[in-house]
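A.B. asks:
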Amino acid sequence: MSDSDATVTRLFGGPGSGKTTALLDRVEEILEDDDVTIRDILVVSYTRAAAAEIRERLAERLDVSPRALQGNVATMHAKAYELLNLSRNDVVGESDKQEFCEEYGVEFEDEYGGAGRRTARSTTIGNKIIATSQWLQRTRRDVADWYDVPFNWNVEEVRLPPEVDPNAQEGNKYTPTWPSDDDRIDVPSVIRGWRTYKGDNGLVGFADMLERVKQRSLVPNVDYLVIDEFQDITTLQYDVYQEWLPHLKGVLIAGDDDQVVYAWQGADPNLLLDTERDEDVVLPNSYRLPSKILNVVNREIRHIDKRQEKDLHPRKEGGVVEGVSSPSMLDLARNVRYTLEE
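Given below as structure tokens:
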């Protein structure tokens, strides 16, 4: 049972099980109550693309325009943006990152290339430090934990923690020092500088939005909350969810702990597995994976100690499973392309 008065249902759906369809079915069930309209429901998905897909599918069911559902089907960041009454100029842009990095003398690369869309994940030091700052916020960690981020750092470029940095001088472990001629970048110092820069310039990043929503106890004006891809939420997003929960009548959280995509951004499937709930629903069939493929998936994934058992059943027989020894990313990409073209 959850501590809130809200009834919390947890929906598990494996690959091809129709989780999004089941989620939309539940939304329509809520709307069967004469006292409930779509304005009383907020559907949250992890990415803008996923939110757009749900918005279009729900709009088709309700015979309305997808635009009409923009405020009720969104990412958590988009809802935070709305609750904080922000404008575009309030949000950190690539030019702000560039200006800060120039001030600090660290290299930065515009990941959007002037086209408005990210072209690739940059490994430039300035980009990595700013990404690390966000990761620490998402996972609710201190700046001192910066080295735990899932990046590889170049010891010739940055000062690593003293216990792993060969150039660190011995002394008080809480105040490590380096030789006076060591001009490598001190990552915690730059992270703190970046956060000060945002504050001085009245700017917020995506993680800052969620922190402010939680700190100010800003709650969407709805009675029902539906969150898709719950396995990919971060500790910070979970804290926002917990802030909203006492103000709701009903909650549906949907996900699959076997399909965590954004672990590198701080996603924690244990938040799905351990959350308090009143009811569990596990979808039984996979409409996508044929029997031979699903059998391999089920066999390989059972070595995970902590997971929700789903016991998926295939809706069709057959399929082909090929083993590839030590493939490169290029090999895998070619294999996928070949399979799609068959």
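Sequential numbering of the sequence shown, starting at 1234, is according to our numbering.
Every residue, glycine too, gets a C-beta built ideally from N, C-alpha and C.
#1: What does the alpha-carbon distance come out to for the pair G1552 and P1523?
#2: Hey, F1333 and W1427: beta-carbon distance below 8 Å or not?
#3: From the DSSP output, which residues share a beta bridge with R1243?
#4: Does the beta-carbon of T1270 have 16 or more other beta-carbons within 10 angstroms, so that it is buried, or is it exposed?
#5: For D1461, count neighbouring Cβ atoms within 10 angstroms of its own Cβ and tell me buried if that reaches 16, exposed if not.
#6: What separation, rounded to the nearest whole angstrom, lies between the Cα atoms of A1353 and S1328?
#7: Helix, strand or coil for E1262, going by three-state DSSP, please let me know.
#8: By the three-class DSSP mapping on this structure, what secondary structure does I1446 have?
#9: Span of the alpha helix (DSSP H) holding I1534?
#10: Hey, D1456 and D1267 are a contact pair by Cβ (cut 8 Å); roughly how many whole angstroms apart?
#11: Suppose contacts are defined by Cβ-Cβ distances below 8 Å. Is M1309 in contact with V1459 by that definition?
#12: Starting from the C-beta of A1377, find all residues in its chain whose C-beta is less than 8 Å away, skip the five residues before and the five after it, and write them out in chain order.
#13: With H, G and I counted as helix, E and B as strand and the rest as coil, what does DSSP make of Y1520?
#14: Using the three-state DSSP reduction, which class does S1278 fall into: helix, strand or coil?
#15: Rounded C-beta distance between A1313 and M1442? I'm assuming under 8 Å.
#16: DSSP three-state call for V1459: helix, strand or coil?
#17: Taking just the CA atoms, how far does A1311 sit from G1304?
#18: Please report the Cβ distance between Q1464 and P1502, rounded to the nearest whole angstrom; I am assuming they are in contact, meaning their Cβ atoms lie under 8 Å.
#19: Taking the CB atoms as reference points, tell me whether V1277 and A1301 lie closer together than 8 Å.
#20: Answer yes or no: do T1280 and T1372 have a C-beta to C-beta separation smaller than 8 Å?
#21: So V1241 packs on R1540, CB below 8 Å; how close in whole Å?
#22: My output table needs one value for I1358: the three-state DSSP class, helix, strand or coil.
#23: Please name the residue in L1563, V1557, K1543 whose C-alpha comes closest to that of G1246.
#24: Look at the alpha carbon of E1336 and the alpha carbon of R1321, and state the distance between them as a whole number of angstroms.
#25: Kindly indicate the opening and closing residues of the beta strand (DSSP E) around A1313.
#26: Along the alpha helix (DSSP H) that carries I1424, what are the first and last residues, could you check?
#27: Please name the residue in F1384, N1387, L1275, V1437 whose C-alpha comes closest to that of N1318.
#28: From S1559, E1265, L1316, pick the residue whose C-alpha is nearest to that of R1576; which is it?
#29: Can you give me the Cβ contacts of D1484 inside the same chain, cut-off strictly under 6 Å, excluding the 5 residues immediately before and after it?
#30: Sort out for me which residues DSSP pairs H1546 with in a bridge.
#31: For Y1471, which option in R1449, L1505, A1496 has the closest C-alpha, if you only look at C-alpha atoms?
C.D. replies: According to the structure shown:
#1: The count along the sequence shown starts at 1 and reaches residue 1552 at position 319. The count along the sequence shown starts at 1 and reaches residue 1523 at position 290. Each residue's Cα considered, the two are about 5 Å apart.
#2: Your numbering for residue 1333 matches position 100 in the sequence shown. Your numbering for residue 1427 matches position 194 in the sequence shown. Their beta carbons are under 8 Å apart, which means F1333 touches W1427 by this criterion.
#3: The residue you call residue 1243 lines up with position 10 of the sequence shown. Its beta-bridge partners are I1486, D1513.
#4: The residue given as residue 1270 occupies position 37 in the sequence shown. Exposed: under 16 other Cβ atoms inside 10 Å.
#5: By 1-based counting over the sequence shown, the position of residue 1461 is 228. With 16 or more neighbouring CB atoms inside 10 Å of its own CB, D1461 falls in the buried class.
#6: In the sequence shown, the residue the question calls residue 1353 occupies position 120. In the sequence shown, the residue the question calls residue 1328 occupies position 95. Here the model assigns A1353 a pLDDT of 47, short of 50, so the residue's position is not dependable, and the following value carries that caveat. Computed Cα separation, rounded: 17 Å.
#7: For the purposes of this step, residue 1262 is identified with residue 29 of the sequence shown, where counting begins at 1. E1262 falls in the helix class under three-state DSSP.
#8: Position 213 of the sequence shown, counted from the first residue, corresponds to residue 1446. The amino acid at residue 1446 is misidentified as Ile; the sequence shows Val. Note: V1446 maps to helix in three-state DSSP.
#9: Counting from 1 along the sequence shown, the entry for residue 1534 is found at position 301. Annotation for I1534: the continuous alpha helix (DSSP H) segment containing it runs 1524–1534.
#10: Numbered from 1 along the sequence shown, position 223 holds the residue referred to as residue 1456. Numbered from 1 along the sequence shown, position 34 holds the residue referred to as residue 1267. With a Cβ gap of about 14 Å, D1456 and D1267 do not count as contacting.
#11: For the purposes of this step, residue 1309 is taken as the residue at position 76 of the sequence shown. For the purposes of this step, residue 1459 is taken as the residue at position 226 of the sequence shown. No; because the gap between Cβ atoms is not below 8 Å, this pair is not in contact.
#12: As a working note, residue 1377 is residue 144 in the sequence shown. So the qualifying residues of the chain are P1421.
#13: Here residue 1520 corresponds to residue number 287 of the sequence shown, with the count starting at 1. If DSSP states are grouped into helix, strand and coil, Y1520 belongs with coil.
#14: By one-based count along the sequence shown, residue 1278 stands at place 45. Of the three classes helix, strand and coil, the one that applies to S1278 here is strand, per DSSP.
#15: As a first step, residue 1313 must be located in the sequence shown, where it is residue number 80. As a first step, residue 1442 must be located in the sequence shown, where it is residue number 209. Contact flag correct, Cβ pair sits at about 4 Å.
#16: For the purposes of this step, residue 1459 is taken as residue 226 along the sequence shown, with counting starting at 1. Correct three-state label for V1459: strand.
#17: In the sequence shown, counting from the first residue as 1, residue 1304 sits at position 71. In the sequence shown, counting from the first residue as 1, residue 1311 sits at position 78. Near 9 Å, if we compare the C-alpha coordinates of A1311 and G1304.
#18: Start at 1 with the first residue of the sequence shown, and residue 1464 comes out as number 231. Start at 1 with the first residue of the sequence shown, and residue 1502 comes out as number 269. Q1464 to P1502, Cβ: 5 Å. Contact.
#19: Stepping through the sequence shown from its first residue, residue 1277 is reached at position 44. Stepping through the sequence shown from its first residue, residue 1301 is reached at position 68. No, they are not a contact pair.
#20: Mapped onto the sequence shown, residue 1280 falls at position 47. Mapped onto the sequence shown, residue 1372 falls at position 139. No; because the gap between Cβ atoms is not below 8 Å, this pair is not in contact.
#21: Residue mapping note: residue 1241 aligns to position 8 of the sequence shown, counting from 1. Residue mapping note: residue 1540 aligns to position 307 of the sequence shown, counting from 1. Not quite, the Cβ-Cβ distance comes to about 20 Å (not below 8 Å), so this is no contact.
#22: Your numbering for residue 1358 matches position 125 in the sequence shown. If DSSP states are grouped into helix, strand and coil, I1358 belongs with the helices.
#23: Taking the sequence shown and counting its residues from 1, the one referred to as residue 1246 is at position 13. Considering only alpha carbons, the answer is K1543.
#24: As a first step, residue 1336 is located in the sequence shown; it is residue number 103 there, counting from the start. As a first step, residue 1321 is located in the sequence shown; it is residue number 88 there, counting from the start. Approximately 23 Å, taken between the alpha carbons.
#25: Locating residue 1313 in the sequence shown gives position 80, counting from the first residue. Not the beta strand (DSSP E): A1313 falls in the alpha helix (DSSP H), residues 1309–1316.
#26: Position 191 of the sequence shown, counted from the start, is the residue given in the question as residue 1424. Segment 1420–1433, the alpha helix (DSSP H) holding I1424.
#27: Taking the first residue of the sequence shown as 1, we reach residue 1318 at position 85. Closest option to N1318, Cα to Cα, is V1437.
#28: Residue 1576 lies beyond the residue range present for the chain, which begins at 1234 and ends at 1575; the question has no answer from this structure.
#29: Here residue 1484 refers to the residue found at position 251 of the sequence shown. At residue 1484 the sequence reads Val, which differs from the Asp that was named. A1239, V1241, L1458.
#30: Indexing the sequence shown from 1 puts residue 1546 at position 313. Per DSSP, N1518.
#31: Stepping through the sequence shown from its first residue, residue 1471 is reached at position 238. Minimum Cα distance to Y1471 is reached at L1505.
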